[in-house]
Structure formats: structure tokens, C-alpha cells
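If you're matching positions, the sequence shown starts at 1445 in the numbering used here and goes up one per residue. Notes to accompany the following structure.
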Amino acid sequence: MPEPKKTEEKVASGQQKIRIKLKAYDYRLIDQSTARIMDTAKRTGALIAGPVLLPTRIRKYTVNRSVHVDKKSREQFEMRIHKRLIELVNPT
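Set out below in C-alpha cells:
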């Protein structure tokens, strides 16, 4: 059985755990927010597991370029939803 990572401590049944799930359209904003949460949690002395990169959801929309002409001429737009997970073990 592999050793748990340094941040992944085994949680006893009596300890509290906080899971923070972040979602954003811009990955830079979510990375900044994650860093701020991590810094604050480190200052309080909580054990931190993460940030865990969750799968990015990509929603694609296909529309016709013109209303009445050229069914074959289409344009695609996409919206990406980035997600991160931070787990605080035994917060104080």
C-alpha cells in the first residue's frame, strides 16, 4: 500500500474537515483565490490537502453564421468552467 502524501494525513473519526469547492470561468482568478485561501489556512495552522484540480467542464455551443443561408457554415463557441478543491483538516 503506498504511503499517503505529506498533506494527506489520515483523518481520525473525531476530527473536523472542511471542503472548499471553487468554480470560475477564468483559471487565473481561481488560482489567485486558491492561493489566498491556502495562505490564510497555513497561518491558522490547519492541515491542508490540495488544491486538487477537478475536471474542467467545457460547454460548446454551435450556431449558424447566417440566419437563412448556408446551413454548412457554422460557428462554435465554448465556455470553460474550471474547478478546484481544497480540504482543511482539523481547522482551528
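We put the CB at the ideal spot given by N, CA and C, even for glycine.
- Bounds of the beta strand (DSSP E) holding Q1520 are R1518 to V1533.
- Under the three-state reduction of DSSP, Y1471 is assigned to helix.
- Inter-residue distance for D1514 and V1507 is about 12 Å (C-alpha atoms, whole angstroms).
- Rounded to whole angstroms, the separation of the alpha carbons of R1480 and M1523 is 25 Å.
- Straight across, the Cα-Cα distance linking I1492 with I1502 is about 28 Å.
- Collapsing the DSSP output to three states places R1501 in a strand.
- Rounded to whole angstroms, A1468 and S1510 show a C-alpha spacing of 31 Å.
- About 21 Å separates the beta carbons of M1482 and I1525, which is beyond the 8 Å limit, so they are not a contact pair.
- The Cβ atoms of K1504 and L1466 lie no closer than 8 Å to each other.
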